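Numbering (our numbering), first residue to last: 2 to 218. Beta carbons: idealized from backbone N, C-alpha and C, even for Gly. All of these numbers come straight from a predicted model, not from anything done at the bench.
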């Protein structure tokens, strides 16, 4: 029986993947690397900045770049971008409000704590999520199961009682590796990239209480 619903943030609640991509591109331009859309999708989508940027530095031999510095630069650029405009997906706040009545809610994101806090405060969701787990809480980011296992541990719930709402292949892999049920929404990736999910939906309105109750244990 599902008692807990865990939301990813970027690409699920916030339509800000373009902001993350642009912030990453601008940060790396300062150190001599052009992060093309192909490079961003391959290395960064659904992953922590720590894991993605470390790999980029190694692969492109950017040994003069300090990892902590470029993460800080990217975060600063991202926060400036969303300060002017933060887009959210239609129906997601309504979904959060509906599920909050009957389920424990949590947020598990590959974003940094400052990024997550900014979004939560801006959207006035402080009271909705019992806990928030960010990239700064884990050693291994998605697709490793650690982010979702840590979320379940902090909540004191069995991973089998958790339903994750994800939008990326790495996020789906993380949720399934943690032993959780997963619904993927086609906000960021095509269906063929999300096939490991238990269900794939195109709209949040498809995720109803009845929909969740029918998910087998």
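- In the displayed model, residue 7 falls within a strand according to three-state DSSP.
- With respect to the C-alpha of residue 8, the residue from 33, 117, 26 having the closest C-alpha is 117.
- With distances taken between CA atoms, residue 26 lies nearest to 57 out of 57, 149, 3.
- By the Cβ neighbour-count rule, residue 50 is buried, with 16 or more other Cβ atoms within 10 Å of its own.
- A residue is called buried once 16 or more other Cβ atoms fall within 10 Å of its Cβ, and residue 88, having fewer, is exposed.
- For the 8 Å CB-CB criterion, residue 63 and residue 106 do not form a contact.
- By the Cβ neighbour-count rule, residue 174 is buried, with 16 or more other Cβ atoms within 10 Å of its own.
- Restricting attention to 142, 136, 92, the CA atom closest to the CA of residue 112 is found in 136.
- Annotation: residue 157 to residue 149 spans about 12 Å, alpha carbon to alpha carbon.
- With the rule of 3 Cβ pairs closer than 8 Å, the region 132 to 146 does not count as touching the region 14 to 25.
- The continuous alpha helix (DSSP H) containing residue 59 extends over residues 50 to 60.
- The beta carbon of residue 46 is closer than 6 Å to those of 169 in its chain, skipping five residues each way along the sequence.
- Assignment of residue 179 by DSSP, reduced to helix, strand and coil, places it in the coil class.
- Per DSSP, residue 120 is one residue of the alpha helix (DSSP H) stretching across 114 to 123.
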